[in-house]
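A.B. asks:
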Amino acid sequence: MLMMITMMVVQAAAGEGRTYEYKSMQSERRNLLANGLANTPQMGWNSWNHFYCNINETMIRETADALVSTGLAKLGYKYVNIDDCWAELNRDQKGNLVPKKTTFPSGIKALSDYVHNKALKLGIYSDAGSLTCSKTMPGSLGHEEQDAKTFASWGIDYLKYDNCNNNEIKPTVRYPIMTKALMNAGRPIFFSLCEWGDMHPALWGSTVGNSWRTTNDIKDNFDSMMQIADMNEYYAEYARPGGWNDPDMLEVGNGGMTKDEYIIHFSIWAISKAPLIIGCDVRDISKETLNILGNREVIAVNQDRLGVQAKKVRTEGDFEVWAGSLSRYRVVVLLVSRGPEPGPITAHWDDIGLPPNTTVVARDLWLHKTSSQRFAGKLTATVASHTCKMFILKPVA
Ligand code: GAL
């Protein structure tokens with residue numbers, strides 16, 4: 002079949018030149034990113050949301066320790082990601098990036114050895130421009146191959162690639178250069194695109210990166226978080242194993258939202274198949290935060306092998322129904338009251354993609370309880386202001 006299609010295409014192309022062009026374009030696209038990573042959304046930690054530029058090798062090591070001692074690593078939070086501000090402003094005489102001597106005196110290789118010894122992975126940050134966003138270190142534009150090789154030689158497993166100081170060259174031109182460089186670096190390196198959704202990366206990101214930011218930076222408040230969730234939802238169809246929409250890193254535990262608002266935040270990120278990258282100080286994590294980030298059932302939704310991003314299927318004023326398919330014919334449903342009022346919110350089977358005559362049991366993923374009641378056609382729950390209810394509906398015979 003594939004051969005037939007190829008032949009038809011080849012025949013359809015007018016001359017030899019066009020045929021060749023078509024074929025090489027196809028293989029170029031296919032080969033651009035084939036690193037075998039991101040079968041499920043990435044999980045880990047990143048320094049930016051809590052620490053901004055105040056980072057150093059000691060706190061990165063302590064964070065790795067804390068991911069293990071809290072049990073978060075075992076739940077899947079594997080990537081320890083250093084964000085902006087880790088390097089000297091000037092490259093060395095050979096043009097290599099140099100870890101900042103005052104804050105990373107032992108170098109990045111020593112850090113990756115440390116992190117790998119704990120069965121974790123190390124991520125780093127660069128920029129597809131001349132300087133990073135903080136302007137305290139160089140970007141990789143024009144140094145892609147060299148920097149990718151440097152990262153690989155240090156044992157780096159993940160690159161977040163930002164978009165500042167970009168000489169107004171399009172991201173669709175600048176980012177694939179790094180994709181190729183990483184593919185040639187001799188080590189599988191997860192590629193996280195961070196061009197803030199400027200050029201709708203969901204439309205072209207899957208051959209370039211393993212995830213792509215769909216929005217501007219998240220802020221640690223309810224309105225910002227929900228606005229970003231809405232923008233990210235728009236691109237739901239484009240998420241799939243190998244490449245995910247990224248509505249930015251988690252703010253859970255940073256203090257700007259209530260516990261229930263953080264539960265909404267984590268639930269939406271989980272059903273949206275968003276990267277679960279913790280953004281708080283895990284060395285000093287509260288029990289409450291740990292209970293949210295450590296909810297195995299919610300994590301399992303995020304990591305479900307079907308890899309389908311949930312959508313907002315019904316909005317009635319401030320009441321919303323989000324739903325998405327899971328493996329084994331299950332459906333995850335999130336009922337959210339985002340306004341000041343409580344309300345009964347109803348998930349109708351025809352909205353959430355269940356056949357009309359299906360009977361289900363409902364598992365509440367935050368109460369950890371399965372309903373004794375069975376539901377047919379719809380499920381209604383009372384949802385208080387700024388809270389949510391999250392269920393897995395499982396068909397029963
Ligand atoms: C922004 C990016 C943030 C953070 C910051 C570092 O562009 O969206 O997540 O990486 O740069 O300066």
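Residues in the sequence shown are numbered consecutively from 2, following the working numbering. Built from N, CA and C at the ideal position, the CB exists for glycine as well.
Report yes or no: do three or more beta-carbon pairs, one from the stretch 155–165 and one from the stretch 79–92, lie closer than 8 Å?
C.D. replies: Yes, the stretch 155–165 touches the stretch 79–92.
A.B. asks: Give the secondary structure of residue 391 by DSSP, where H, G and I count as helix, E and B as strand, and everything else as coil.
C.D. replies: Residue 391: strand per DSSP, three-state reduction.
A.B. asks: Check the DSSP bridge columns for residue 344 and list the partner residues they point to.
C.D. replies: DSSP lists 384 as partners of residue 344.
A.B. asks: Less than 9 Å between the beta carbons of residue 242 and residue 39, yes or no?
C.D. replies: Their beta carbons are under 9 Å apart, which means residue 242 touches residue 39 by this criterion.
A.B. asks: Nearest-angstrom Cα distance between residue 21 and residue 34?
C.D. replies: Below a pLDDT of 50, predicted positions are generally treated as unreliable, and residue 21, at 45, falls in that range; no measurement from the model is reported.
A.B. asks: Smallest Cα separation from residue 48: which of 61, 362, 143, 118?
C.D. replies: Of 61, 362, 143, 118, the residue nearest in Cα terms is 61.
A.B. asks: Is residue 95 helix, strand or coil by DSSP?
C.D. replies: Reduced to three states, the DSSP call for residue 95 is coil.
A.B. asks: In chain order, what are the residue ranges of uninterrupted alpha helix (DSSP H) at least 4 long that sit wholly in the stretch 232–267?
C.D. replies: You should have found no qualifying run.
A.B. asks: Please state whether DSSP places residue 22 in a helix, a strand or coil.
C.D. replies: Confidence at residue 22 is low in this model, with a pLDDT of 46, below 50, so its placement is unreliable and no value can be given for it.
A.B. asks: Could you give the DSSP three-state label for residue 313: helix, strand or coil?
C.D. replies: Note: residue 313 maps to strand in three-state DSSP.
A.B. asks: Where does residue 379 fall in DSSP's three states?
C.D. replies: Three-state result, residue 379: strand.
A.B. asks: Which first and last residues belong to the beta strand (DSSP E) in which residue 365 is found?
C.D. replies: Element bounds for residue 365: 360–365.
A.B. asks: Measuring straight from C-alpha to C-alpha, what distance separates residue 261 and residue 375?
C.D. replies: Taking the straight line from one Cα to the other gives about 27 Å.
A.B. asks: Secondary structure at residue 398, three-state DSSP: helix, strand or coil?
C.D. replies: Reduced to three states, the DSSP call for residue 398 is coil.
A.B. asks: I want to check one thing, is the minimum distance from the CB of residue 330 to the heavy atoms of the ligand GAL below 8 Å?
C.D. replies: Checking every heavy atom of the ligand GAL against the Cβ of residue 330, none is found closer than 8 Å.
A.B. asks: Is the beta carbon of residue 87 sitting closer than 9 Å to the one on residue 138?
C.D. replies: A contact, by the Cβ cut-off of 9 Å.
A.B. asks: Can you tell me where the beta strand (DSSP E) holding residue 80 begins and where it ends?
C.D. replies: 80–82 is the extent of the beta strand (DSSP E) around residue 80.
A.B. asks: Under three-state DSSP, which class holds residue 371?
C.D. replies: Here residue 371 sits in strand by DSSP.
A.B. asks: For the ligand GAL, I want to know if residue 221 counts as a neighbour, meaning its beta carbon is within less than 8 Å of at least one of the ligand's heavy atoms.
C.D. replies: No, the Cβ of residue 221 stays beyond 8 Å of every heavy atom of the ligand GAL.
A.B. asks: For residue 6, which three-state DSSP category applies?
C.D. replies: Any answer about residue 6 is weak, because its pLDDT of 44 lies below 50 and its placement is not dependable; what the coordinates show is given next. Reduced to three states, the DSSP call for residue 6 is helix.
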